[in-house]
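Participant:
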Amino acid sequence: MQLTSGAVRTAARGSEHPLIGLDAEGNAVHLTPGDGHVLIVAPPGAGTTELLRTLGVQALAAGHHLGILDVHHVEHTWARELERVTYVDDPDHLHRHLLGLAHQSRNRALQGRPGPRRLLLVESDGTTTTLLDHQADPRPNGVALDALTAVLAHGRPAGIQVVLACRDIPDALRHLTRDLFSTRLLNAPSERTWISAGLSSLPMPDGPAPRPGLWHHLTRDGTHRFVQAARISEHVAADYARLAACPTKESDR
Numbered sequence: 001m002q003l004t005s006g007a008v009r010t011a012a013r014g015s016e017h018p019l020i021g022l023d024a025e026g027n028a029v030h031l032t033p034g035d036g037h038v039l040i041v042a043p044p045g046a047g048t049t050e051l052l053r054t055l056g057v058q059a060l061a062a063g064h065h066l067g068i069l070d071v072h073h074v075e076h077t078w079a080r081e082l083e084r085v086t087y088v089d090d091p092d093h094l095h096r097h098l099l100g101l102a103h104q105s106r107n108r109a110l111q112g113r114p115g116p117r118r119l120l121l122v123e124s125d126g127t128t129t130t131l132l133d134h135q136a137d138p139r140p141n142g143v144a145l146d147a148l149t150a151v152l153a154h155g156r157p158a159g160i161q162v163v164l165a166c167r168d169i170p171d172a173l174r175h176l177t178r179d180l181f182s183t184r185l186l187n188a189p190s191e192r193t194w195i196s197a198g199l200s201s202l203p204m205p206d207g208p209a210p211r212p213g214l215w216h217h218l219t220r221d222g223t224h225r226f227v228q229a230a231r232i233s234e235h236v237a238a239d240y241a242r243l244a245a246c247p248t249k250e251s252d253r
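Residues in the sequence shown are numbered from 1 upward in steps of one, following the numbering used here.
1. Work out the CA separation of Gly36 and Thr10 for me, nearest whole Å.
2. May I have a chain-ordered list of the beta strand (DSSP E) segments no shorter than 3 residues that lie completely inside the segment 164 to 230?
3. To the nearest angstrom, how far is it from the Cα of Arg242 to the Cα of Leu82?
4. Return the first residue and the last residue of the beta strand (DSSP E) that Ala61 is part of.
5. Taking the CB atoms as reference points, tell me whether Ala24 and Arg225 lie closer together than 8 Å.
6. What does the alpha-carbon distance come out to for the pair Val162 and Leu121?
7. Looking at the structure shown, is Met1 part of a helix, part of a strand, or coil, going by DSSP?
8. What would DSSP say about Leu39, mapped onto helix, strand or coil?
9. Cα separation between Leu131 and Val8?
10. Please go through the same chain and pick out, in chain order, the residues whose beta-carbon is closer than 7 Å to the beta-carbon of Thr48, but skip the five residues on each side of it.
11. So, at 6 Å on beta carbons, what are the nonlocal neighbours of Ala102 in its own chain, with the 5 sequence-adjacent residues on each side left out?
12. Please list, in chain order, all residues of the same chain as Gly198 whose beta carbon is under 8 Å from its beta carbon, the five residues on each side excluded.
13. Apart from the five residues on each side of it in sequence, which residues of its chain come closer than 7 Å, Cβ to Cβ, to His17?
14. The beta strand (DSSP E) with Asp23 in it runs from where to where?
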């Protein structure tokens with residue numbers, strides 16, 4: 001379902017919030033600030049990068065700031081050099097960037113002064129491993145995942161919404177999954193992921209989704225539904241984003 005055509009385009013234009021996709025009845029499913037942080041769990045090739053790209057380009061078009069953590073630095077070339085985009089692809093910089101966001105989040109939350117809306121996308125391949133074992137400086141700063149956890153805990157009042165993609169839920173976050181991530185999107189989940197995501201009361205699916213781009217969507221109140229994700233290609237995303245952001249020479253690489 002292309003973001004730029006048909007019913008999906010109409011649904012996307014009907015709200016200032018990024019469109020995730022359409023449910024089985026054709027209703028629009030948007031990502032609003034009230035939906036909290038998002039956890040995406042899917043195997044390789046299931047469309048995770050495409051989903052992140054689709055959410056990110058819409059956030060930019062709405063005038064929000066966009067952060068992309070991607071240590072493979074090849075997944076989101078469409079977003080490089082665009083205004084209001086922070087692209088972090090170096091492991092040391094990633095950790096320090098998260099420490100800065102954590103500090104900013106705590107301060108803004110304590111002062112009750114939310115900053116500009118920011119969507120932070122965390123890519124899956126390689127980046128999750130970096131979160132788990134990389135530290136830019138010796139303790140007490142811990143590893144990058146510790147800083148990300150602080151952003152998850154304090155970011156929402158500060159205007160920061162995180163979308164974390166991974167192949168499997170990190171053990172360090174597993175017991176906090178439902179507390180930290182109000183919205184969960186799963187594709188071909190393992191039994192362990194199914195339970196950790198809060199779906200133990202529902203029968204485990206036998207295999208992958210019946211068609212590409214179909215995700216299990218679980219909300220804060222425990223509601224489960226299937227959502228067919230909107231999609232946008234990298235080439236089109238670049239053009240889409242340029243309508244709302246001008247090129248800049250600044251770089252956060």
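Where is the CB? At the ideal position from N, CA and C, for every residue including glycine.
Facilitator: Taking the geometry as given:
1. Mapped onto the sequence shown, residue 10 falls at position 10. Mapped onto the sequence shown, residue 36 falls at position 36. Going by the C-alpha atoms only, they are around 24 Å apart.
2. The segment 164 to 230 contains these whole beta strand (DSSP E) runs: 183 to 186, 214 to 218, 224 to 229.
3. Here residue 242 refers to the residue found at position 242 when the sequence shown is read from its first residue. Here residue 82 refers to the residue found at position 82 when the sequence shown is read from its first residue. C-alpha separation (whole angstroms): 8 Å.
4. The residue labelled residue 61 in the question sits at position 61 within the sequence shown. For Ala61, no beta strand (DSSP E) segment is defined; the enclosing uninterrupted segment is the alpha helix (DSSP H) at 48 to 61.
5. Taking the sequence shown and counting its residues from 1, one reaches residue 24 at position 24. Taking the sequence shown and counting its residues from 1, one reaches residue 225 at position 225. For the 8 Å CB-CB criterion, Ala24 and Arg225 form a contact.
6. As a first step, residue 162 must be located in the sequence shown, where it is residue number 162. As a first step, residue 121 must be located in the sequence shown, where it is residue number 121. Each residue's Cα considered, the two are about 6 Å apart.
7. Taking the sequence shown and counting its residues from 1, one reaches residue 1 at position 1. Reduced to three states, the DSSP call for Met1 is coil.
8. Taking the first residue of the sequence shown as position 1, residue 39 is located at position 39. It is a strand residue.
9. Numbered from its first residue, the sequence shown carries residue 131 at position 131. Numbered from its first residue, the sequence shown carries residue 8 at position 8. Each residue's Cα considered, the two are about 34 Å apart.
10. Within the sequence shown, numbered from 1, the residue matching residue 48 stands at position 48. Once the five neighbours on either side are set aside, the close Cβ partners of Thr48 are Ile40, Ala42, Ser124, Ala165.
11. If you number the sequence shown from 1, residue 102 lands on position 102. Beyond the five residues adjoining it in sequence on each side, Ala102 comes within less than 6 Å, by CB distance, of Ala147, Ala150, Val151 in the same chain, given in chain order.
12. Translated into the one-based positions of the sequence shown, residue 198 becomes position 198. Within the same chain, Gly198 has close Cβ partners Thr177, Arg178, Arg184, Leu218, Gly222.
13. Counting from 1 along the sequence shown, the entry for residue 17 is found at position 17. So the list reads His30, Leu31, Thr32, once near-sequence residues are dropped.
14. One-based indexing of the sequence shown puts residue 23 at position 23. Asp23: member of the beta strand (DSSP E) spanning 19 to 23, first to last residue.
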